Amino acid sequence: MSRFVPRALAVVAAGVIASVLAFASPAHAATFLTHSEAAAQLRAAGITWSSSGNCSDRNNSTCTSFTNVRQVTITGIKTLKSASGCAINITAGTEAGHSSGTYSHWNGYKLDISKYTCIGNYIKNNFTYVGYISGWGYQYRSGAGNLYTDEGNHWDILYYTCGC
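1151 is the number of the first residue of the sequence shown in the numbering used here; add one for each residue after it.
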């Protein structure tokens, strides 16, 4: 076999790899949603939301906003609804007024939901109890690694993955 064939194959392979990499998104890239995009998905899944201020302004802490929520977070709450069969009402999203940090409400990783018996029983019976986290509450970890914290009057959920 001539030296031309291996070189030609190497050039073709390099071209294919370059094309794939040029169009592939980075593994760490996240899809962020507008409030209306997230609300439409939640509505379609039968998930409700409420705010003490009856508003969705991200910069107002009395609102419940989904502006810049991660798609993984919305998919995660939809997965929880589907798997549990329970009613879910979101009481906090990405609005101001929560603790800061990488894995925060503001950065689209967290949602708070109402404490209903059905969802509480589902979390406690299907996820691993982590323990009491001082200053936060009783914490449970799903098989996907997401954290569910009983903060007394609501569940605080941190979605690392969609749990699908």
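Where is the CB? At the ideal position from N, CA and C, for every residue including glycine.
Keep in mind the model is a prediction, meaning the values are calculated, not measured.
Residue i to residue j span [Cα, whole Å]
{"i": "Ala1180", "j": "Tyr1266", "result": "30 Å"}
{"i": "Thr1198", "j": "Asn1239", "result": "5 Å"}
{"i": "His1255", "j": "Gly1243", "result": "6 Å"}
{"i": "Leu1192", "j": "Lys1228", "result": "7 Å"}
{"i": "Ser1186", "j": "Asn1257", "result": "17 Å"}
{"i": "Asn1303", "j": "Asp1262", "result": "10 Å"}
{"i": "Gly1203", "j": "Ala1190", "result": "20 Å"}
{"i": "Ser1232", "j": "Tyr1290", "result": "19 Å"}
{"i": "Glu1301", "j": "Thr1184", "result": "27 Å"}
{"i": "Phe1173", "j": "Asn1275", "result": "Bear in mind that a pLDDT of 36 at Phe1173, under 50, signals an unreliable position, so the number given afterwards is only what the model happens to contain. Roughly 42 Å between the two C-alpha positions."}
{"i": "Ser1250", "j": "Gly1226", "result": "21 Å"}
{"i": "Cys1236", "j": "Ser1292", "result": "16 Å"}
{"i": "Phe1216", "j": "Gly1285", "result": "26 Å"}
{"i": "His1248", "j": "Ser1206", "result": "15 Å"}
Pick from the options that is closest to residue i, judged by C-alpha positions
{"i": "Ile1224", "options": "Tyr1290, Ala1195, His1248", "result": "Ala1195"}
{"i": "Ala1188", "options": "Asn1204, Val1222, Tyr1272", "result": "Val1222"}
{"i": "Phe1182", "options": "Lys1260, Leu1230, Gly1251, Gly1281", "result": "Lys1260"}
{"i": "Ile1273", "options": "Val1219, Asp1207, Ser1234", "result": "Ser1234"}
{"i": "Leu1230", "options": "Asn1271, Phe1216, Cys1205", "result": "Asn1271"}
{"i": "Tyr1253", "options": "Cys1205, Ser1292, Ser1206, Val1219", "result": "Val1219"}
Cβ pair residue i, residue j closer than 8 Å
{"i": "Thr1311", "j": "Ala1294", "result": "yes"}
{"i": "Ile1269", "j": "Trp1305", "result": "yes"}
{"i": "Tyr1309", "j": "Thr1299", "result": "no"}
{"i": "Gly1281", "j": "Asn1296", "result": "no"}
Cβ shell of residue i (< 6 Å), same chain only, five flanking positions each side left out
{"i": "Ala1135", "result": "Because the chain here runs from 1151 to 1314, residue 1135 falls outside it and cannot be looked at."}
{"i": "Ser1175", "result": "Note that Ser1175 has pLDDT 37, beneath the 50 cutoff, so the model's placement of it is unreliable and the number below is only indicative. Around Ser1175: no qualifying Cβ."}
Residues near residue i in its chain [Cβ-Cβ closer than 7 Å; skip 5 each side]
{"i": "Ser1200", "result": "Thr1214, Asn1239, Thr1241"}
Close-in-space but distant-in-sequence residues of the same chain around residue i (CB under 8 Å, 5 per side omitted)
{"i": "Ile1307", "result": "Gly1226, Ile1227, Leu1230, Lys1260, Leu1261, Asp1262, Ile1263, Asn1296, Leu1297, Tyr1298, Thr1299"}
Proximity test, residue i beta-carbon vs the ligand ATP heavy atom, cut-off 7 Å
{"i": "His1304", "result": "Of the ligands one can find in the structure shown there are none, so the ligand ATP has no counterpart to examine."}
CB contact check: residue i to chain C, cutoff 8 Å
{"i": "Asp1262", "result": "Absent here is chain C; the protein component of the structure consists of one chain."}
Any chance you could list the alpha helix (DSSP H) runs of at least 4 consecutive residues sitting entirely within the stretch 1184 to 1255, in chain order? 1185 to 1195, 1221 to 1234
Curious, which full-length alpha helix (DSSP H) runs of at least 4 residues does the stretch 1258 to 1292 contain? 1267 to 1276
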